[in-house]
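Chemist: Sending over a structure as structure tokens; questions will come in a sec.
In this note's numbering, the protein residues as written are 383 to 822.
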């Protein structure tokens, strides 16, 4: 069976590389550009779109590429690609529409802007790799519906925690163990963090301060575990998950029984645990002979076993995801159907009527994972849609914000797609709300 590295090498030998367009040239986008411009066998970064052309140019220059074209339409993009020139555009639609692009990587972290980009890419027959948990956790299941209709693949990326967890999840199933928990190894979590408290760290690491804040206040954690839930069917044990503090990730087994996890398999996280980064999956197998073998190999006495990866390297591993998608139509992380979990908007401090919510990584709110039938049943506002919403009433700190509490900005595509998602999966969500597990 041909494996990915050989398949990519064959494409290189045939001079038929997978042609990749990158949308976004921030901290992570530039890191991905560096990796893809190494170059890698069988892959070519043919274009970068950024809201400011200088950002895309910088990404190329940092990788030693000084000759780039500035096309004004998709036909000019294609001519530049054929000529072997790097492409810089401000409008991502030009790359989505170009015949010379096979796969689009979306790495902006925005929701509304990215919804337009992804829908354009799908419409023009491009596979989509998302390094955008914000979009995926909010309307990923509906985007998957559109991708399926168009015959293309949409997937989150390997290297980010959802991809690390899903690779482990598939491995655990392949070796004959039943995955009953999956999640993140989280070092720090404080819902009160805001752009002021995180400014110093953002400047030190040269990252966007709102993105860094979303890491610290738990919003990104909830979005990543929501993506895992939607790709596996695992559920949240409660709003926000349990998040037990552990010395080592293996200690998670001290907090859950096999009976509990078999009854309701979970997404969750461990806090402050060694090895300090990465993702984990708990697998179940009650075979006594296999238990003896696993004990010998220092995996514990069973029937629960912890498998973990002690790192995540999204900028390096995204190339693997691109290859899987383009050559084998194999998604790394994609919704399996109706949303299983959601990320709800919660007030970060007491909020007053008339205030404008500043969205992910801001001063006004944070996101918490919840089971989808609960969040939709309670009419809670998805965190991915919070930016720009105006409060119609006061909301106390740490209270979920509902649609009834806000006025949405007019004319957003992300709101339209979210409404479509709720309607499309209404029957499945209704059945889920009646299940025994949902009643816990």
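A virtual CB, placed ideally from N, CA and C, is assigned to each residue, including glycine.
None of these values were measured; they are calculated from a predicted model.
In whole angstroms, what is the alpha-carbon distance linking residue 780 and residue 745?
Modeler: To locate residue 780, count along the chain shown from 1; it is residue 398. To locate residue 745, count along the chain shown from 1; it is residue 363. The alpha-carbon atoms of residue 780 and residue 745 are separated by roughly 13 angstroms.
Chemist: Helix, strand or coil: how does DSSP classify residue 570 here?
Modeler: One-based indexing of the chain shown puts residue 570 at position 188. Residue 570 falls in the coil class under three-state DSSP.
Chemist: Output the distance between the C-alpha atoms of residue 558 and residue 686, rounded to the nearest integer angstrom.
Modeler: Taking the chain shown and counting its residues from 1, the one referred to as residue 558 is at position 176. Taking the chain shown and counting its residues from 1, the one referred to as residue 686 is at position 304. One C-alpha to the other measures close to 13 angstroms.
Chemist: Only counting the same chain, and skipping five residues up and downstream in sequence, which positions put a Cβ closer than 7 angstroms to that of residue 800?
Modeler: Counting from 1 along the chain shown, the entry for residue 800 is found at position 418. Answer for residue 800: 520, 521, 764 and 767, listed in chain order.
Chemist: Grouping DSSP H, G and I as helix and E and B as strand, with all else coil, what is residue 505?
Modeler: If you number the chain shown from 1, residue 505 lands on position 123. Residue 505 falls in the helix class under three-state DSSP.
Chemist: What residues in its chain sit with their C-beta under 6 angstroms from that of residue 762, if we drop five residues either side in the sequence?
Modeler: Translated into positions along the chain shown, residue 762 becomes position 380. Contacts found: 726, 782 and 784.
Chemist: Please list, in chain order, all residues of the same chain as residue 622 whose beta carbon is under 7 angstroms from its beta carbon, the five residues on each side excluded.
Modeler: Looking up residue 622 in the chain shown gives position 240. Counting only Cβ-Cβ distances below 7 angstroms, and skipping sequence neighbours, we find 750 and 751.
Chemist: Which stretch, first to last residue, makes up the alpha helix (DSSP H) that contains residue 387?
Modeler: Within the chain shown, the letter at position 5 stands for residue 387. First-last of the alpha helix (DSSP H) with residue 387: 386–395.
Chemist: Return helix, strand or coil for residue 606, following the three-state DSSP convention.
Modeler: Numbered from 1 along the chain shown, position 224 holds the residue referred to as residue 606. Residue state, collapsed to three classes: helix.
Chemist: For a minimum of 3 consecutive residues, which ranges assigned as the beta strand (DSSP E) are wholly contained in the region 544–594?
Modeler: Correct list: 560–568.
Chemist: Please tell me whether residue 464 and residue 611 are closer than 9 angstroms, where the distance is taken between their beta carbons.
Modeler: Indexing the chain shown from 1 puts residue 464 at position 82. Indexing the chain shown from 1 puts residue 611 at position 229. Contact: no.
Chemist: Given a threshold of 16 other Cβ atoms within 10 Å of its Cβ, counted over all protein chains shown, does residue 671 qualify as buried or as exposed?
Modeler: To locate residue 671, count along the chain shown from 1; it is residue 289. Under this definition residue 671 is an exposed residue.
Chemist: Over what stretch of residues does the beta strand (DSSP E) that includes residue 401 continue unbroken?
Modeler: Working through the chain shown from its first residue, we reach residue 401 at position 19. That run of the beta strand (DSSP E) goes 400–405.
Chemist: Going by DSSP, what residues sit across from residue 479 in a beta bridge?
Modeler: Taking the chain shown and counting its residues from 1, the one referred to as residue 479 is at position 97. None, per the DSSP bridge assignment.
Chemist: Please report how far the alpha carbon of residue 451 lies from the alpha carbon of residue 466, in whole angstroms.
Modeler: Your numbering for residue 451 matches position 69 in the chain shown. Your numbering for residue 466 matches position 84 in the chain shown. Their backbone Cα atoms lie some 10 angstroms apart in a straight line.
Chemist: Using the rule of at least 16 other Cβ atoms within 10 Å of the residue's Cβ for burial, across every protein chain shown, is residue 816 buried or exposed?
Modeler: Looking up residue 816 in the chain shown gives position 434. At residue 816 the pLDDT is 47, less than 50, meaning the model places this residue with poor confidence and gives no usable figure here.
Chemist: Under 9 angstroms between the Cβ atoms of residue 602 and residue 529?
Modeler: Here residue 602 refers to the residue found at position 220 when the chain shown is read from its first residue. Here residue 529 refers to the residue found at position 147 when the chain shown is read from its first residue. Cβ distance not < 9 angstroms, so residue 602 and residue 529 don't count as in contact.
Chemist: May I have a chain-ordered list of the alpha helix (DSSP H) segments no shorter than 4 residues that lie completely inside the region 639–708?
Modeler: Runs found: 640–645 and 670–678.
Chemist: Tell me, to the nearest whole angstrom, how far the beta carbon of residue 460 is from that of residue 480; I am working on the premise that it is less than 8 angstroms.
Modeler: For the purposes of this step, residue 460 is taken as the residue at position 78 of the chain shown. For the purposes of this step, residue 480 is taken as the residue at position 98 of the chain shown. Confirmed, about 5 angstroms.
Chemist: Shorter than 8 angstroms, the distance from the beta carbon of residue 741 to the closest heavy atom of the ligand ADP, or not?
Modeler: The ligand ADP is not among the ligands present in this structure, which contains no ligands whatsoever.
Chemist: Closer than 6 angstroms by C-beta to residue 734: which residues in its own chain qualify, once you throw out the five before and the five after it? Chain order, please.
Modeler: Here residue 734 corresponds to residue number 352 of the chain shown, with the count starting at 1. Taken in chain order, the residues that qualify are 776.
Chemist: Would you kindly check if the distance between the Cβ of residue 804 and the Cβ of residue 742 is under 9 angstroms?
Modeler: The sequence position of residue 742 within the chain shown is 360, counting from 1. The sequence position of residue 804 within the chain shown is 422, counting from 1. No, the Cβ-Cβ distance between residue 742 and residue 804 is not below 9 angstroms.
Chemist: Could you give the distance in angstroms between the alpha-carbon of residue 599 and the alpha-carbon of residue 575?
Modeler: As a working note, residue 599 is residue 217 in the chain shown. As a working note, residue 575 is residue 193 in the chain shown. Taking the straight line joining both Cα atoms gives about 5 angstroms.
Chemist: Just mark residue 669 as buried or exposed, buried being the case when its beta carbon has 16 or more other beta carbons within 10 Å.
Modeler: Within the chain shown, residue 669 is the residue found at index 287, counting from 1. Result: exposed.
Chemist: Just to confirm, is the Cβ distance from residue 562 to residue 692 under 9 angstroms?
Modeler: Your numbering for residue 562 matches position 180 in the chain shown. Your numbering for residue 692 matches position 310 in the chain shown. Not a contact, by the Cβ cut-off of 9 angstroms.
Chemist: When you compare only the Cα positions, how much space is there between residue 501 and residue 512?
Modeler: Working through the chain shown from its first residue, we reach residue 501 at position 119. Working through the chain shown from its first residue, we reach residue 512 at position 130. In a straight line, the C-alpha of residue 501 is about 12 angstroms away from that of residue 512.
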